[in-house]
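Asks: Mapping of the sequence shown onto mature numbering (1 follows the signal peptide of the UniProt record, and there is no 0): residues -23 to -1, 1 to 130, in sequence order. Every residue, glycine too, gets a C-beta built ideally from N, C-alpha and C.
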Amino acid sequence: MRMFRHLVSWALALFLIAMFVQATIYPLPNPPEGSVKFFDPPGENIVFQTIAVNSGVSLFEPTGRVVVGIVELLAALFLLLPMTRRFGAFLSALVLGGAVAMHLSPWLGREIPVSLDPQNTATDGGMLFMLAIVMLVASLLLMVVHPGKQKYE
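1. Less than 8 angstroms between C-beta atoms, sequence neighbours within five positions excluded: which residues of the same chain meet that for residue 62?
2. Beta carbon of residue -9, beta carbon of residue 3: below 9 angstroms?
3. I'd like the list of long-range same chain contacts for residue 115, defined as Cβ closer than 7 angstroms, with 5 residues on each side in sequence excluded.
4. As an exercise, report each continuous beta strand (DSSP E) stretch of at least 3 residues that is fully enclosed by the stretch 32 to 58, in chain order.
5. Verify whether the separation of the beta carbon atoms of residue 52 and residue -4 is less than 9 angstroms.
6. Give the DSSP-derived three-state secondary structure of residue 98 in the structure shown.
7. Relative to the alpha-carbon of residue 45, which residue among 103, -22, 73 and 97 has its alpha-carbon at the smallest distance?
8. Under 8 angstroms: do the stretch 27 to 43 and the stretch 104 to 112 share three or more Cβ pairs, one atom per stretch?
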């Protein structure tokens, strides 16, 4: 049973790490415009610019975006190391809880635009919201599944 918990722990951790790295630095070539936290020009990230415009708080873009990106990379680092994995899962759950809350707020909404162009009314169909929920569930599950230190008696 302990081996199964280790395997599930690694699978969940690697999934969360891959998603956080993809969202912050996007290592693949030709990332979509407005979807990379660290490399989008100020005012060009679709999610955080939408929040900034709808809330009237300009601190969300780019400052909030960079802070969230740093916390996501820290969570990914903690998730990578088995001895800090529970803390990484907790940090991940905090970030993703905030993401789900923002999607449920009128500032962002469940469906986000695919472009900052006001003429383009296309949305993502709620895919980013669903990804945030799946990642939140994975983080919470990881906190439960990750095996603790083995006790020898």
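Replies: Working from what's here:
1. -15, -11, 55, 56, 119 and 123
2. No, they are not a contact pair.
3. The beta carbon of residue 115 is closer than 7 angstroms to those of -12, -9 and -8 in its chain, skipping five residues each way along the sequence.
4. none
5. yes
6. coil
7. Comparing Cα positions, the closest option is 73.
8. With the cut-off at 8 angstroms, the stretch 27 to 43 and the stretch 104 to 112 do not touch.
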